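Written out below as structure tokens is the structure these notes cover.
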Amino acid sequence: METKRLDIETHLILSRWAKTTIVTETEYTVEQLQDMADFYYENDNLSAPVASGSVKWDGMIVAPCSMKTLACIASGYTEGLVARAADVAIKERRRLVLLTRECPLNPIHLENMLNLTRLGVTIMPPVPAFYTRPETVEDIVNQTVGRTLDQFGLEIDILKRWGGGYYGR
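Using the numbering used here, you'd call the opening residue of the sequence shown number 38 and step up by one each time.
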């Protein structure tokens, strides 16, 4: 398993449900994911460095971002470290990208997304790019990861970019 491709410092926060999602939806263990990060914090650790605006960091990705987490961030309810760090990102004008997932969306979800977008937050549902002609789930995930990292100006070699016209094989 390749764990690092970019030379950036990473801080990982896992909520209780994120841990369940990892085990349910990926081939990774929670411990493997924790080992990939430079720093790891429990979601109830509101004294973590990322909970403070005085600590410098570039931005945050919430992936996946549940509608509960979206609602917490949109309302400023910093119940846990994920929502608190997102709140810090907004107040300090740092990049915040939310990979929201829910379907269908109701008007509350859409209003929360709109309100956050107006604050400069990027709402980025992990929608497959079929022009890349993905053959595996990993192809779809890699494209989403690449497009997400684009939001931070980070380049990785697994991203397939649109070439105009037919993508072709």
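Positions of the beta carbon are idealized from the N, C-alpha and C atoms, including for glycine. Computed from a predicted model, the values in this text were never measured in an experiment.
The beta-carbon distance between A126 and C109, rounded to whole angstroms, is 13 Å. This is too long to meet the 8 Å contact definition.
If only complete runs of 3 or more residues are kept, the segment 62-150 shows the beta strand (DSSP E) at 76-79, 96-102, 132-137, in order along the chain. Excluding sequence positions up to five before and after I59, its CB lies within less than 8 Å of the CB of L51, Y65, T66, V67, L70, all in the same chain and listed in chain order.
Between L118 and N80, the beta carbon gap of about 5 Å places them in contact (Cβ cut-off 8 Å). Its chain contains V87, A122, A123, A126, R131, R132, L133, V134 as the residues whose beta carbon lies nearer than 8 Å to that of M97, once the 5 sequence neighbours on both sides are disregarded; these appear in chain order. No Cβ-Cβ contact shorter than 7 Å links T47 with A85.
Scanning its chain for C-beta atoms nearer than 6 Å, with the 5 sequence neighbours on each side dropped, one finds around Y77 the residues L49, Q71, in chain order. Following the DSSP letters along the chain, one finds L49 inside the beta strand (DSSP E) bounded by residues 48-51. The residue from E129, T154, Q188 with its alpha-carbon nearest to that of K93 is E129. In its chain, beyond the 5 residues on either side, I177 have a beta carbon closer than 6 Å to the beta carbon of P165. Using a Cβ distance threshold of 7 Å, P163 and L136 count as a contacting pair. The residues N179, G183, in chain order, have a CB closer than 6 Å to that of I195 in the same chain once the five nearest residues on each side in sequence are set aside. Straight-line measurement puts the Cα of L151 at about 21 Å from the Cα of D187.
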